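Novice: 1089 is the number of the first residue of the sequence shown in the numbering used here; add one for each residue after it. Could you have a look at this structure, given as structure tokens, before my questions?
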Amino acid sequence: MKDSSEIKDQLMKNATWGMISSIINRAGGFILIILISRMLMPEGFGKYSLAMIIAMFFITFSDLGINQTLIRYVSLELDTNSKKAISYFKHLLKIRFFLTMSVSLILLIGARIISGYIYRDSNLFIPLVVLSIYVFFISLSSFFESLFFIKKNVIYISIKEVFSVLFRVAFIILIWFFVVSELKLIWIFISLAYFSILSFLFVFYFSRKRYPPLFKAKEIPIDKKDMYRFLFFINIQNISILVLSSIPIMLLGFFLTSEFVGYYNSSWALASGIISLLFSFSYVFLPVFANAKEETFRPIINKIFKLSFMLALPISFGLSLLAKFFIIVIYGEAYLFAATPLSILAFIIPFIVGINLALDSFSARNKQKKFAYLLFVFALASILLNYFFIKFLSALSGETTLLGISIVNLIIWSLCFICSVYYLKKELNINVFSGDLIKFILSCFVMSAFILLALNLFGNLNLLSGVVIIILSMVVYFSFLSLIKGITKEDFALITQAFKKK
């Protein structure tokens, strides 16, 4: 077992490369979303969003929590019993390949039914067929990527992301300029499938090169019962999170025209993209959490919660107040209807961050049963409430539907977060609510007053004035937070240390 200093050092090293990989991935993702949304306009972007959400559902069912199970069980056994670790890897690989092949074939065969009978849009048929290839290779690729998190070689993922982003952006630009409008959407999905194949070949080659024993050594008997139990509850959690995130878009596509799907997804993509960019801890921290001693586990979790909310809260306040500016700058004036949903969905950011950290905490301690059931209940509630409100509000207007459904989903995520915090305290004796949270919120109000004052002075923001306001609002937030002692020298040192670690 590792002591506190070793765990902190491992956290910082993993977090640094994990952050680099996440930044590259999400920055590239933002650029791609901007290019695709501007190229396709709201209606075409709505079709793109709907097809991708369907693909993500199939990807989730091809995973069923296997990646997280692989990370937990192989990382626990790798240093003490390598043969056992190898057996877990090979057994999970067989399951993953079977599931991936099955769901890809189901999507391929069911593309006609999904496009023609469920969404009544024949234009979705070919994209879904192409995405069945994407689902297969991207799912297998993510499985082998997990090995790099286990062995702390996240640098390989960062390298892969750099080349993947560069080539994808270049390909999208070529599509924009050289492909006729009617075929742009199809060629975007073809490019996704093509680069998913390249991604798989990269991670498969280097995983075999870096960890040859995993592929060559023989299996030994392992305790599959405990692993399947872990896998079952992780599966419930992952599917529930996906439902909470995706069901509004899928139902909007059923009741409204494609452009409203595009408006909502552009605002959701921006909010969730920020979460992925700054708060992607799961694969980075889970191996460390799993190996942490009991006396060091709670202080680490509390510190990560504190630093996460220190960043998430001002981001949500700022994004909400400057929603119109961000939508126009990123997507263009054609997406102006997305500003209202974004101003509401921005406040989901701290709630999702907290839920994801709670999920990691329970998974690391193999106590995710009650938390899994909690997420499942909220997923069912999300389906029912979204269906009811979208069906009711769609009879009024598309704009009213976007406003109402954004509020409904903010309430759902906030209640889910409150329950998550309750279970953290009850099951793991972790109390994430402290006096610091009040200081963060108070500092956010001061920052918000500054932003509102600046908006009154400047009126409509251009790119330069908007960037200046964002930078100054950050200065105001951290200055006031320091003044009321909401941030300590230790916090500054921990943040600085993360960027100094190699």
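C-beta atoms are modelled at their ideal positions from N, C-alpha and C, and glycine is treated no differently. Note that the structure is a prediction, hence the values are computed from the model and not measured.
(1) Of the residues R1256, L1235 and I1558, which one's Cα is nearest the Cα of K1297?
(2) State the DSSP-derived secondary structure class of Q1156, mapped to helix, strand or coil.
(3) Note down the Cα distance separating T1148 from I1327, rounded to an integer number of angstroms.
(4) Comparing alpha-carbon positions, which option in Y1205, I1221 and A1115 lies nearest L1196?
(5) Determine, using beta carbons only, whether E1131 and S1269 come nearer to each other than 8 Å.
(6) So, are the CB atoms of S1334 and I1432 less than 8 Å apart?
(7) Can you list, in chain order, the residues of its chain whose CB lies under 8 Å from that of I1500, leaving out five sequence neighbours each side?
(8) Evaluate V1341 with the Cβ neighbour count: other Cβ atoms within 10 Å of its Cβ, from every protein chain shown; 16 or more gives buried, anything less gives exposed.
(9) Measuring straight from C-alpha to C-alpha, what distance separates Q1325 and V1191?
(10) Smallest Cα separation from E1515: which of I1572, A1460 and E1249?
(11) Taking the C-alpha atoms as reference points, what is the distance between L1491 and I1322?
(12) When the Cα atoms are used, what is the spatial distance from I1388 to F1224?
(13) Quick one: grab the DSSP three-state call for Y1371.
(14) How about S1396 and I1437: are their beta carbons less than 8 Å apart?
(15) So is P1300 buried or exposed if we call it buried at 16+ other beta carbons inside 10 Å?
(16) Could you tell me which of I1247, F1277 and F1251 sits nearest to I1260, measuring between CA atoms?
(17) So what does DSSP say about P1438, is it helix, strand or coil?
(18) Quick check: what's the CA-CA separation for F1231 versus R1160?
(19) Expressed to the nearest angstrom, what Euclidean distance is found between the alpha-carbon atoms of Q1585 and I1575?
(20) For E1233, count neighbouring Cβ atoms within 10 angstroms of its own Cβ and tell me buried if that reaches 16, exposed if not.
(21) Determine the DSSP secondary structure at S1485, reduced to helix, strand or coil.
(22) Out of S1287, K1248, F1343 and A1446, state which residue places its alpha-carbon closest to the alpha-carbon of S1482.
(23) Taking the C-alpha atoms as reference points, what is the distance between I1226 and F1290?
(24) Just the C-alpha distance for V1218 and G1420, rounded to the nearest angstrom, thanks.
(25) Output the distance between the C-alpha atoms of A1281 and E1249, rounded to the nearest integer angstrom.
Specialist: Answer, in terms of the structure:
(1) Position 209 of the sequence shown, counted from the first residue, corresponds to residue 1297. The shortest C-alpha separation from K1297 is found at L1235.
(2) In the sequence shown, counting from the first residue as 1, residue 1156 sits at position 68. Note: Q1156 maps to helix in three-state DSSP.
(3) As a first step, residue 1148 must be located in the sequence shown, where it is residue number 60. As a first step, residue 1327 must be located in the sequence shown, where it is residue number 239. Spanning the two alpha carbons is a distance of roughly 7 Å.
(4) Here residue 1196 refers to the residue found at position 108 when the sequence shown is read from its first residue. Among Y1205, I1221 and A1115, the Cα nearest to that of L1196 is on I1221.
(5) In the sequence shown, residue 1131 corresponds to position 43, counting from 1. In the sequence shown, residue 1269 corresponds to position 181, counting from 1. Against a cut-off of 8 Å, the Cβ pair of S1269 and E1131 comes out as no contact.
(6) Numbered from 1 along the sequence shown, position 246 holds the residue referred to as residue 1334. Numbered from 1 along the sequence shown, position 344 holds the residue referred to as residue 1432. Not a contact, by the Cβ cut-off of 8 Å.
(7) Stepping through the sequence shown from its first residue, residue 1500 is reached at position 412. Excluding residues within five positions, the ones whose Cβ falls inside 8 Å are L1332, F1466, A1469, S1470 and L1473.
(8) Residue 1341 sits at position 253 when you count from the first residue of the sequence shown. Going by the sequence as given, residue 1341 is Gly instead of Val. With 16 or more other Cβ atoms within 10 Å, it is buried.
(9) Along the sequence shown, one-based indexing puts residue 1325 at 237. Along the sequence shown, one-based indexing puts residue 1191 at 103. Each residue's alpha carbon lies about 19 Å from the other.
(10) For the purposes of this step, residue 1515 is identified with residue 427 of the sequence shown, where counting begins at 1. Nearest of I1572, A1460 and E1249 to E1515, Cα basis: A1460.
(11) Locating residue 1491 in the sequence shown gives position 403, counting from the first residue. Locating residue 1322 in the sequence shown gives position 234, counting from the first residue. Taking the straight line from one Cα to the other gives about 32 Å.
(12) Along the sequence shown, read from residue 1 onward, the residue named residue 1388 stands at position 300. Along the sequence shown, read from residue 1 onward, the residue named residue 1224 stands at position 136. Straight-line spacing of the CA atoms in I1388 and F1224 works out to 36 Å.
(13) Counting from 1 along the sequence shown, the entry for residue 1371 is found at position 283. For Y1371, the predicted structure reports a pLDDT of 46, less than 50, and the residue's modelled location is therefore unreliable. A value from the coordinates is still provided. Y1371 falls in the helix class under three-state DSSP.
(14) Sequence index remark: in the sequence shown, residue 1396 carries index 308 (1-based). Sequence index remark: in the sequence shown, residue 1437 carries index 349 (1-based). Taking the C-beta atoms as reference points, I1437 is found no nearer than 8 Å to S1396.
(15) The count along the sequence shown starts at 1 and reaches residue 1300 at position 212. Exposed is the label assigned to P1300, since fewer than 16 other Cβ atoms lie within 10 Å of its Cβ.
(16) Position 172 of the sequence shown, counting from 1, holds the residue named residue 1260. Comparing alpha carbon positions, the residue from I1247, F1277 and F1251 closest to I1260 is F1277.
(17) Locating residue 1438 in the sequence shown gives position 350, where the first residue counts as 1. Note: P1438 maps to helix in three-state DSSP.
(18) Working through the sequence shown from its first residue, we reach residue 1231 at position 143. Working through the sequence shown from its first residue, we reach residue 1160 at position 72. Going by C-alpha positions, F1231 is about 13 Å away from R1160.
(19) As a first step, residue 1585 must be located in the sequence shown, where it is residue number 497. As a first step, residue 1575 must be located in the sequence shown, where it is residue number 487. Only weak support is given to the placement of Q1585: the predicted model assigns it a pLDDT of 47, under 50, and the question is left unresolved by the model.
(20) Translated into the one-based positions of the sequence shown, residue 1233 becomes position 145. Label assigned to E1233: buried.
(21) Residue mapping note: residue 1485 aligns to position 397 of the sequence shown, counting from 1. Coil, per DSSP.
(22) Within the sequence shown, numbered from 1, the residue matching residue 1482 stands at position 394. Among S1287, K1248, F1343 and A1446, the Cα nearest to that of S1482 is on F1343.
(23) Translated into positions along the sequence shown, residue 1226 becomes position 138. Translated into positions along the sequence shown, residue 1290 becomes position 202. Our two residues, I1226 and F1290, have alpha carbons roughly 12 Å apart in a direct line.
(24) In the sequence shown, the residue the question calls residue 1218 occupies position 130. In the sequence shown, the residue the question calls residue 1420 occupies position 332. Approximately 28 Å between the Cα atoms of the pair.
(25) In the sequence shown, residue 1281 corresponds to position 193, counting from 1. In the sequence shown, residue 1249 corresponds to position 161, counting from 1. Going by the C-alpha atoms only, they are around 16 Å apart.
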